[in-house]
Structures are given as C-alpha cells and as structure tokens.
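Enquirer: Line by line, the protein sequences are chains A and B. Our numbering puts the first residue of the first sequence at 22, with every later residue one more than the last. Our numbering puts the first residue of the second sequence at 22, with every later residue one more than the last. Think of the CB as a built atom: it goes at the ideal place given N, C-alpha and C, for glycine as much as any other residue. Have a look at the structure that comes next, please.
2 protein chains.
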Amino acid sequence: MTQRHHVIAIGNALVDVITTAEPVFLADRGIAKGSMRLIGADEAETLYTAMGPGREISGGSAANTVAGMAALGARPMFVGRVADDQLGRVFAHDIRAAGVDFVTPASTGGAPTGRCLIVVTPDGDRTMNTYLGACQELAEADLDPGMVAAADILYLEGYLWDPPAPRAAMKKAIQVARANNTKVALTLSDVFCVEGYRADFQALLAEHVDLVFGNEHEVCSLYQTDNLDVAMAELARHSCTAVITRSAAGAVVIEGGRHHVVAAEPAARVLDTTGAGDLFAGGFMAAMVEGRSLPDCARVGCIAAAEVISHYGARPEADLKALVKARLG
Amino acid sequence: MTQRHHVIAIGNALVDVITTAEPVFLADRGIAKGSMRLIGADEAETLYTAMGPGREISGGSAANTVAGMAALGARPMFVGRVADDQLGRVFAHDIRAAGVDFVTPASTGGAPTGRCLIVVTPDGDRTMNTYLGACQELAEADLDPGMVAAADILYLEGYLWDPPAPRAAMKKAIQVARANNTKVALTLSDVFCVEGYRADFQALLAEHVDLVFGNEHEVCSLYQTDNLDVAMAELARHSCTAVITRSAAGAVVIEGGRHHVVAAEPAARVLDTTGAGDLFAGGFMAAMVEGRSLPDCARVGCIAAAEVISHYGARPEADLKALVKARLG
C-alpha cells in the first residue's frame, strides 16, 4: 500500500556547487550579485573553470523545501528529473536520506544532471548560475495522478515553469489537484520567472492557486509596482493565501483581507543565504499540515530559514523539530 | 618553459562524501570509529545508501596536503588518478582551483573516480571508508621524472603503497629523487598501512626517506610497541627527520638526536578532524621550503591543522597565509 503524502513537490533536481568569492568576481563577469540566471552547458563549463574550489551539496528550490518538511516530520514526495550519472545519484541519495519519497526515473542518454553554480560573497549573499540539464526533461508521464489526488498540497516551483515539458506536467498536476481537493501552492521563485511568466502567474493566482510564496521583489514585479503595499493590495483581491518573505524584516501572511506580520528569527550567523526562501516555505507548509495557525506557520518558516542561512548549503543540518519545539512548543 | 615545483605529491585522488551520524551508526555496522578502511564497490554502495545526506568535497590525503601548501604560497604538483566522470572533474577542478598543478590524465573505461565515505560523529572524529576506484590505476608512466628531479621534495602518501601499480610508480619516483637530490618525504597515513607494510616502511626510513610524518599510533605500530618513547628512540636511529603528530598534544620533531616539542594551536572549534594530519604536513613542508626552523615548521603545521578541523572538509577554507602571518610573522 502506498502511503499518502502531505505534499507532492514538482521542481528542479539540482546539485549545488558552492564556492566563495569577492563581489569583483561577479562584477568582472557581468553577473548581477544576488540574482539567479539560467546558463547553458558551455557557460557552465567556463564559469566552473574560473570558480574556486567547491563543495557539492544537493539543492533545487522545491527539493530543499520538502527536505525541510521531512525534517519537521511531514511526509513529502519530490518529482524532478536527474540523469543516470554520478551527480544524479548524489541528488537521489541525498533527498531520500533526508526522508523524502523520490521515484522519478533518471533519464539516460540526454543532458547530464542539472547543477547550480553558486557564488557566495562575504556578506552571505548568493548568486546562482543554473545549468538545468536533465531537469528540463521532466514530463507529464513522470507524474502519478493518484499521488497528487491523495496529497494535502501540490507544491510547484516557479523556476520550472520555464521549460515547456515540465510546465505541461505542472499544468496537468494542477488539474488533478483541483479535481481532488488537493491544495495548490506556488512559489514565484525569482524575479526573472515573474518577468517571463507574469500573465501565467497572475492567471494561476486568480484561478488555481491556494497558497503563494514570494519575496518582496517577486510580488512587486508580479504587479509591476515598486510599492509593496500596492502589490499586497493586489494579492489581497485573490482568494488564495499569500505569504511574502522580507529577509531580515520577517514575513507577511495575507488571507481573507487580513495581514499577519511575523518577525524574522534571529540567525546565529549569516554564512550563505541560499535556501532561505525554500526553507521558509518548507517550515510554513510543515506547520500548516500540522494544523498550526497562519502566524505560527510563518514563525516555523522563519525558524527553518534562520537555520539554513547559518551554514553552507540549502538543506537543513540542525534538528529543525527541536528548534521549533524550543521556540513554539 | 615548465616551472619547477616545491613538492611533487603522489597520492589518492578522492572526493570525500561527508555525512554526520551518531557512533551507533558505526557500531551497528562493525566499523571501528576513527579508523580508515578500504572497501569495494558493493560495500561502498550499501554504506552510501545507509548514510544520511552528504556533502561532496575534494579530498585525498596528499592532495589535501598540497592544497594546504598552495594556500601558503608554495608551488606544488599533484600526481593521482581520477576517472573521466563527474566526480573526477570535480576533483580536477578543485585541486587546480586550489593552486596545485595537476596533469595526470583521467582513466577511461575502468573503475570510477575513487571516493571516501566519511562519517563524522558529534565529537568531530572521522571514520573513513575508502573506495579507491580509479586511484589504483595510477602507473609509472604517469610520472614525469624530470619534474621529480627538479622538485625540492617528493611527497609519498602511505595509503597508496597498498595497490601494486601506484607502489611501482612511487618506487620509481624515489629512485629519481635519490639520484637528483630531491628530498623524499613519506606519510605513514594509517595504522592499517603500517601493519600491512611494516617491513617496507622500515626499509624506506632506513635507506631512502629524508622526512617522515606519522601520528603516535602509526609510529608505535611501526616499531610494534605501546611506548612512544621506544618508537621515538627507534626513529632517532635513522638519519631522517621524523615528525610525530599528537592531536591536542601538539607535535614532536626528531632530528639528529634532538627532540623539538611544539604545542597544538588552539582550535576555534572541532567540527570534523578529517585532514588534520594532511594539513599539518602541508603546513610543515610549506614552511620548510621557505627555510623556516624545524620548530616553526611544526608550528605552521599546527596552525593549518587547527583551521581544517574547524569546518567540514579536509581542504583549507580560511586564509592560511594570514593566519600564519598573524601568529609567527
């Protein structure tokens, strides 16, 4: 008998290659500090050659999110494509070892497993250069509709709206979720995603999404405004719950015309901000499936985010359950 | 024109896969905590499956040593074999990015790149399970005799005395070094190496080695004694310089009948002791090629070792040059 999952997440299956550098390393290459951009195989090679020694740690936005959920006791499944190569085996090992169900078959003969070349500057800011590789080959056939129908939440990574085959898989998953009372959650992922798919994302929020995550820049970009209040007013018009992360300023949850403001969790140190938003979403949803209040969901999100920025890598290292218990009971 | 190197190191080209676990994880599998052992492909697979999420960071004992030397301003070359696969490219990238010359061609069609599955327990102790893979395919033909002849030091990793082809390469390198006034340095690597090759290592020390590194357990095993004083007296009979590392008790340098005792460097924290001995040797030799006194060579070794045990992974992360300058000028 297959167990029901709290969340089915569809996202990029990436291994992060993390290095440190001074901001001039980025400036010299015309790379905007703090951004995420997609790069091809050739640029991935050139940039990797120029980078300092790395550490490889499994990543991927939605994959980080569900790793955080599993650490908090939820039962997640991840759907995403790796290739049948060493980095693909690293990804599959790590996500399973984190307690996440992962059964998407690895592709053979195509592009290698995707990777994200991450440059962390001394201020903890991360600049991500993503070579999607096999991630783009995720297809509708990789989705088990029965699993989506049985889950509490379908979680979609905005980044994966870009390549066509995974987008089709996500559209199908949304259909199944809507027909089966599975909540649909979406992360806006990045300003470049919002810029590229503004109309799609607006339509999703208006019609299909129950829960949306975004940072200030992403929600402002969604409504083409510089004023967060304007963006929040737009979000409040939808029936979905909107969660806006504001880094050190904490988070705002908008639901049914009400705003809940939650302060950020003090971080022991900020070494590498990679995964902060991912782990916030993971903490939020893990608390949600436990039936906690919306402000407490945001608090658990802040606790998970504070843990992940205290070390290199975007997957939790400390005992998140114990951290939450110590703070919220 | 090819540049002369301060050191040519011959060693295992490994990528470390680092995970954390409680000691019971090792006890349940009959693995001696703190040990290094060689494992085959099947056991590597089984153990990896059982391990928690990992982080992949380039390792290999002599490779770590020369990465430390490069960080301290020396010009090292590393000789070791990876396969033409993703982990092999990770190893090659990282060691070159660390400032080490590395030109050994990758093997194709044979075993994959070697890896070391490292379980770090909460006390910072590391237990290493090494799948040698392509490392064992290093051969005499991979050695450039002219490079060995021109170098200050030939550094040999004891671990690599085990597989026959690399041992033959090391024997050839010793010949070239002896004929060309290149110092021969050897690390005893591990008690299992000493137990397996005690006669070979004793003969090397008596006839060919100018500088030997070992910890207390290794030098005691070399002379089959429980008494470090007995082992030190045996070492003092040879004309070589012997350097004994004693963890928190610092190091002892024996040369020409004299003992120099150096205290350990206080470590900010002990997170993962992997690479402590490797970085000690790297610091020692980097100071030696700069012409520092033997006690100062040991002090630089202690500074480099203290840095590497403060974080996961066996390659330096902080600015070793600055650390040494701050302590010793």
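1. Could you tell me if Gln107/B is buried or exposed, where buried requires 16 or more neighbouring beta carbons within 10 angstroms of its beta carbon?
2. To the nearest angstrom, how far is it from the Cα of Asn248/B to the Cα of Ala263/B?
3. In the DSSP output, what is Ser79/A paired with across the bridge?
4. Per DSSP, what are the beta-bridge partners of Leu292/A in this structure?
5. Following the continuous beta strand (DSSP E) through Cys241/A, name the residue where it begins and the one where it ends.
6. Would you report the Cα separation of Val294/B and Thr86/B, rounded to the nearest angstrom?
7. Determine, for Tyr69/A, whether the minimum Cβ-Cβ distance to residues of chain B falls below 8 Å.
8. Helix, strand or coil, according to DSSP, for Met22/B in the structure here?
9. Sort out for me which residues DSSP pairs Ile150/B with in a bridge.
10. If Val205/A and Leu159/A are in contact, beta carbons under 8 Å, what's the gap, nearest whole angstrom?
11. Starting from Arg279/B, trace the beta strand (DSSP E) in both directions and tell me its first and last residue.
12. What residue range is occupied by the uninterrupted beta strand (DSSP E) comprising Pro287/A?
13. Tell me whether Leu175/A sits in a helix, a strand or coil according to DSSP, three-state version.
14. Which value, in whole angstroms, describes the spacing of the CA atoms of Ala62/A and Ile139/A?
15. Quick check: is the beta carbon of Ser331/B nearer than 8 Å to any beta carbon in chain A?
16. So, is the C-beta of Asp115/A closer than 8 Å to a C-beta in chain B?
17. Strictly below 8 Å CB to CB, what residues from chain B border Leu108/A?
18. List, in order along the chain, the chain B residues whose C-beta lies closer than 7 Å to that of Ala339/A?
19. Just the C-alpha distance for Glu286/B and Cys156/A, rounded to the nearest angstrom, thanks.
20. If distances are taken between C-alpha atoms only, which option among Ala252/A, Ser79/A and His229/A comes closest to Gly235/A?
21. If the cut is a Cβ gap below 7 Å, which residues of chain A does Pro74/B touch?
22. So is Val111/A in contact with chain B if we call contact Cβ pairs under 8 Å?
23. Report the rounded CA-to-CA distance for Glu43/A versus Ser56/A, giving the unit in angstroms.
24. Could you tell me which residues DSSP puts in a beta bridge with Pro1/A?
25. Relative to the C-alpha of Leu292/B, which candidate in Ile330/B, Ser268/B, His281/B and Ile39/B has its C-alpha closest?
26. Which residue comes first and which comes last in the alpha helix (DSSP H) that contains Val111/A?
27. Buried or exposed, going by whether 16 or more other CB atoms sit within 10 Å of the CB of Asp37/A?
28. Please say whether Ala335/B and Gly80/B have beta carbons closer to each other than 8 Å?
29. What is the DSSP secondary structure of Asp231/B, counted as helix, strand or coil?
30. Would you please state the rounded distance, in angstroms, between the beta carbons of Met27/B and Ala118/B? I believe it to be under 8 Å.
31. Under three-state DSSP, which class holds Ala263/A?
32. In chain order, what residues of the same chain lie with their CB nearer than 8 Å to the CB of Ser128/B, ignoring the 5 residues before and after it?
33. Using only the alpha-carbon positions, how far apart do Gly298/A and Pro97/A sit?
34. Taking DSSP as the reference, what is the three-state secondary structure of Ser268/A?
Expert: Walking through what the data contain:
1. Gln107/B sits buried, since 16 or more C-beta atoms from the chains shown fall within 10 Å of its C-beta.
2. C-alpha of Asn248/B to C-alpha of Ala263/B: approximately 16 Å in a straight line.
3. DSSP, once it has assigned bridges, lists Val36/A as partnering Ser79/A.
4. None, per the DSSP bridge assignment.
5. Counting along the chain, Cys241/A sits inside no beta strand (DSSP E); it lies in the alpha helix (DSSP H) bounded by residues Glu237 to Leu243.
6. Inspection of the sequence shows that residue 294/B is occupied by Thr rather than by Val. Between Thr294/B and Thr86/B, the C-alpha separation is close to 14 Å.
7. At least one chain B Cβ lies under 8 Å of Tyr69/A.
8. Here the model assigns Met22/B a pLDDT of 43, short of 50, so the residue's position is not dependable and the matter cannot be decided.
9. According to the sequence displayed, residue 150/B carries Asn and not Ile. Answer is Arg58/B and Leu138/B.
10. So it is not a contact: roughly 18 Å between Cβ atoms.
11. Counting along the chain, the beta strand (DSSP E) containing Arg279/B begins and ends at Arg279 to Val283.
12. For Pro287/A, no beta strand (DSSP E) encloses it, and the DSSP letter there is neither H nor E.
13. Correct three-state label for Leu175/A: strand.
14. Between the alpha carbons of Ala62/A and Ile139/A lies a distance of about 15 Å.
15. No, Ser331/B does not count as interfacial toward chain A.
16. By this cut-off, Asp115/A is an interface position.
17. Identification of chain B residues near Leu108/A by a Cβ-Cβ cut-off of 8 Å yields Gln107, ordered along the chain.
18. Result: empty, since nearest Cβ-Cβ is about 11 Å, beyond 7 Å.
19. When rounded, the separation of the alpha-carbon atoms in Glu286/B and Cys156/A is 46 Å.
20. Answer by Cα proximity: Ala252/A.
21. By Cβ distance, chain A contributes Ser79, Asp115, Ala118, Ala119 and Arg336.
22. Among the CB atoms of chain B, one or more fall inside 8 Å of the CB of Val111/A.
23. Roughly 15 Å separates the two Cα atoms.
24. Because chain A here runs from 22 to 350, residue 1/A falls outside it and cannot be looked at.
25. From the listed residues Ile330/B, Ser268/B, His281/B and Ile39/B, the smallest Cα separation to Leu292/B is found for Ile330/B.
26. Note, Val111/A: alpha helix (DSSP H), Gln107 to Ala118.
27. Its Cβ being crowded by 16 or more others within 10 Å, Asp37/A is buried.
28. Taking C-beta atoms as the reference points, Gly80/B and Ala335/B count as a pair closer than 8 Å.
29. In this structure, Asp231/B counts as coil in the three-state DSSP scheme.
30. The question names Met, yet the displayed sequence has His at residue 27/B. That belief does not hold up - the Cβ atoms of His27/B and Ala118/B are roughly 19 Å apart, past 8 Å.
31. Note: Ala263/A maps to strand in three-state DSSP.
32. Excluding residues within five positions, the ones whose Cβ falls inside 8 Å are Arg102, Val103, Ala104, Asp105, Ala155 and Glu158.
33. Computed Cα separation, rounded: 18 Å.
34. Residue state, collapsed to three classes: helix.
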